[in-house]
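K.L.:
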Amino acid sequence: MESTTLVLVKPDGVQKGIIGDIISRFERRGLKIIALKMLHLSRERAAIHYEEHQGKPFFDGLVDFITSGPIVAMVVKGNQAIKVVRTMMGTTNPVDALPGTIRGDYALTIGHNVIHGSDSELSAIREIKIYFDEKEINRLD
Ligand code: CMP
Numbered sequence: 005m006e007s008t009t010l011v012l013v014k015p016d017g018v019q020k021g022i023i024g025d026i027i028s029r030f031e032r033r034g035l036k037i038i039a040l041k042m043l044h045l046s047r048e049r050a051a052i053h054y055e056e057h058q059g060k061p062f063f064d065g066l067v068d069f070i071t072s073g074p075i076v077a078m079v080v081k082g083n084q085a086i087k088v089v090r091t092m093m094g095t096t097n098p099v100d101a102l103p104g105t106i107r108g109d110y111a112l113t114i115g116h117n118v119i120h121g122s123d124s125e126l127s128a129i130r131e132i133k134i135y136f137d138e139k140e141i142n143r144l145d
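In the UniProt record's numbering, the protein residues as written are 5 to 145.
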């Protein structure tokens, strides 16, 4: 079943110069990029994105990090895109991520894990709206 998901290349991923590799991996897999932008998140918008983590010990560090430099946001579409993207990303904690996954190839610590992908249909719908207006998303095939 077709789904759409929000992917962020985090500041460490942009810094490492792996935007192109990440996009290539998705395109090679047959997923479509239907919206794409580079931006610098405000602390307010970061807090909205990560609202489920408010109050957790790592929340302030997470907001500091995600607002520390430019990020790339994209909407990725395809068969079971939410699940496929998460498998391609590897586990949240890169220590456990398999080689060949994005985090398994490029990340080593949970706070700096190079990429974010929505974890469910509901999260995807909510998160896409934080970054994109409806008119910025290419719905044509
Ligand atoms: P992400 O997929 O963007 O979703 C929430 C983020 O919080 C997660 O990736 C990690 O980067 C971060 N995170 C989750 N747990 C921890 C933790 N225990 N310590 C630091 N950062 C964390």
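Ideal Cβ positions, reconstructed from N, Cα and C, are used throughout, including at glycine.
Against chain C, with Cβ distances strictly below 9 Å, would Asp-109 count as a contact?
P.N.:
Absence of chain C from the displayed structure is noted, only one protein chain being present.
K.L.:
Does the Cβ of Gly-115 lie closer than 8 Å to at least one heavy atom of the ligand CMP?
P.N.:
yes
K.L.:
Thinking just about the alpha-carbon of each residue, which of Gly-82, Gly-115, Tyr-110 and His-116 is nearest to the one in Arg-32?
P.N.:
Selected option, being the one with the closest Cα: Gly-82.
K.L.:
Whose C-beta lies closer than 7 Å to the C-beta of Ser-122 among residues of the same chain, with five residues either side of it excluded?
P.N.:
Thr-9, Leu-10, Ile-86, Ala-128 and Glu-131
K.L.:
Looking at the secondary structure, which residues open and close the alpha helix (DSSP H) in which Gly-65 lies?
P.N.:
63-70
K.L.:
Ignore the nearest five residues each way along the sequence and tell me which others in Val-67's own chain have a CB closer than 8 Å to its CB.
P.N.:
Arg-47, Ala-50, Ala-51 and Tyr-54
K.L.:
Could you compute how far the alpha carbon of Gly-65 sits from the alpha carbon of Thr-95?
P.N.:
19 Å
K.L.:
Who are Thr-95's beta bridge partners in DSSP?
P.N.:
Answer is none; Thr-95 lacks a bridge partner.
K.L.:
In the region 31-67, which residue ranges form an unbroken alpha helix (DSSP H) of at least 4 residues, counting only runs that do not cross its ends?
P.N.:
47-53
K.L.:
Among Val-18, Met-5 and Gly-115, which residue has its Cα nearest to the Cα of Pro-61?
P.N.:
Gly-115
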